[in-house]
Amino acid sequence: KAGVTQTPRYLIKTRGQQVTLSCSPISGHRSVSWYQQTPGQGLQFLFEYFSETQRNKGNFPGRFSGRQFSNSRSEMNVSTLELGDSALYLCASSSTSLYINEQFFGPGTRLTVL
Amino acid sequence: AQTVTQSQPEMSVQEAETVTLSCTYDTSENNYYLFWYKQPPSRQMILVIRQEAYKQQNATENRFSVNFQKAAKSFSLKISDSQLGDTAMYFCAFMTVNSGYALNFGKGTSLLVTP
Numbered sequence: 319k320a321g322v323t324q325t326p327r328y329l330i331k332t333r334g335q336q337v338t339l340s341c342s343p344i345s346g347h348r349s350v351s352w353y354q355q356t357p358g359q360g361l362q363f364l365f366e367y368f369s370e371t372q373r374n375k376g377n378f379p380g381r382f383s384g385r386q387f388s389n390s391r392s393e394m395n396v397s398t399l400e401l402g403d404s405a406l407y408l409c410a411s412s413s414t415s416l417y418i419n420e421q422f423f424g425p426g427t428r429l430t431v432l
Numbered sequence: 004a005q006t007v008t009q010s011q012p013e014m015s016v017q018e019a020e021t022v023t024l025s026c027t028y029d030t031s032e033n034n035y036y037l038f039w040y041k042q043p044p045s046r047q048m049i050l051v052i053r054q055e056a057y058k059q060q061n062a063t064e065n066r067f068s069v070n071f072q073k074a075a076k077s078f079s080l081k082i083s084d085s086q087l088g089d090t091a092m093y094f095c096a097f098m099t100v101n102s103g104y105a106l107n108f109g110k111g112t113s114l115l116v117t118p
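Protein sequences, first through last, are from chains A and B. Here the first sequence stands for residues 319 to 432, where the numbers follow our numbering. Here the second sequence stands for residues 4 to 118, where the numbers follow our numbering.
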């Protein structure tokens with residue numbers, strides 16, 4: 319089985335722009351979670367989607383949004399980029415609705431905001 | 004607030020030796036799950052081991068084992084017979100029933116295995 323894929327792997331944007339990151343979960347996985355990783359704040363939960371519905375959301379401003387499609391692929395969008403949004407964005411997928419299931423992580427998208 | 008503390012930002016161990024990474028957490032919930040994740044320089048996060056809080060027996064996965072002390076809210080990771088490929092950032096994380104599907108991570112411990 320192919321693992322979790324994220325595109326693009328690297329992205330450079332300027333302040334004020336918006337960006338969309340994509341995540342394709344492992345085939346058959348219906349839950350997709352997003353995390354932001356920065357040197358200062360570490361790994362922080364953004365949101366989680368299951369069957370096209372957002373089930374949980376972390377403590378991030380409304381500039382961060384996401385969605386999930388019927389094929390379980392997910393996108394996250396950041397509008398009006400700020401320098402502090404520079405981070406590694408990780409996507410993780412899980413097979414069922416049971417939260418104890420292992421989350422499989424993708425390689426991440428490195429976003430740099432100039 | 005639910006927090007995870009990894010008090011060792013960096014550690015070093017020689018090949019074939021044993022090393023223990025510490026982790027403490029704080030939660031008021033009784034039903035939760037604990038994890039250790041490894042993030043090598045390639046940055047792909049990999050699950051190393053997990054422990055259900057309701058289980059008294061410590062989890063083991065080959066060279067990796069945990070020492071779970073529920074009363075002390077401690078969850079340390081022991082790596083036996085360390086290998087060069089174990090060099091990575093190690094993150095302790097937990098997930099509670101009420102947190103939904105959100106993993107709550109510690110800041111990580113950078114482990115260097117030397118020849």
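Each residue gets a CB set at the ideal place from its N, CA and C atoms; glycine is no exception.
- Given that a residue counts as buried once 16 or more other Cβ atoms are within 10 Å of its Cβ, and exposed if not, what is B:G109? buried
- Could you tell me whether the segment 97-112 of chain B touches the segment 341-358 of chain A, where touching means 3 or more Cβ pairs closer than 8 Å? yes
- Item | Nonlocal neighbours in the same chain, by C-beta distance under 8 Å from A:G384, ignoring five residues either side | W352, L364, F365, Y367, Q372, S392, E393, M394, N395
- On a CA-only basis, which of B:F97, B:A91, B:T63 is nearest B:S83? Give me that one, please. B:T63
- Query: Just the Cα atoms here: how many angstroms apart are A:Q362 and B:T6?
  - Reply: 12 Å
- Message: Restricting to Cα atoms, I'd like to know which of A:Q421, A:V322, A:L432, A:S411 is closest to A:L401.
- Response: A:L432
- Three-state secondary structure (DSSP) at A:N395? strand
- Item | B:C26, enclosing beta strand (DSSP E) - first and last residue | Segment: none, B:C26 is in no beta strand (DSSP E) and carries neither H nor E.
- Of all the options A:G424, A:A405, A:K375, A:N389, which has the alpha carbon lying nearest to the alpha carbon of A:S345? A:N389
- Within chain A, partners of B:K73 - CB distance below 7 Å: Within chain A, no residue comes near B:K73; the closest Cβ sits about 17 Å away, beyond 7 Å.
- What's the gap between the Cα of B:V67 and the Cα of A:L429? Rather than Val, the amino acid found at residue 67 of chain B in this sequence is Phe. Taking the straight line joining both Cα atoms gives about 33 Å.
- Message: So B:G111 contacts chain A; which residues on that side make the cut at Cβ distance below 9 Å?
- Response: G360, L361
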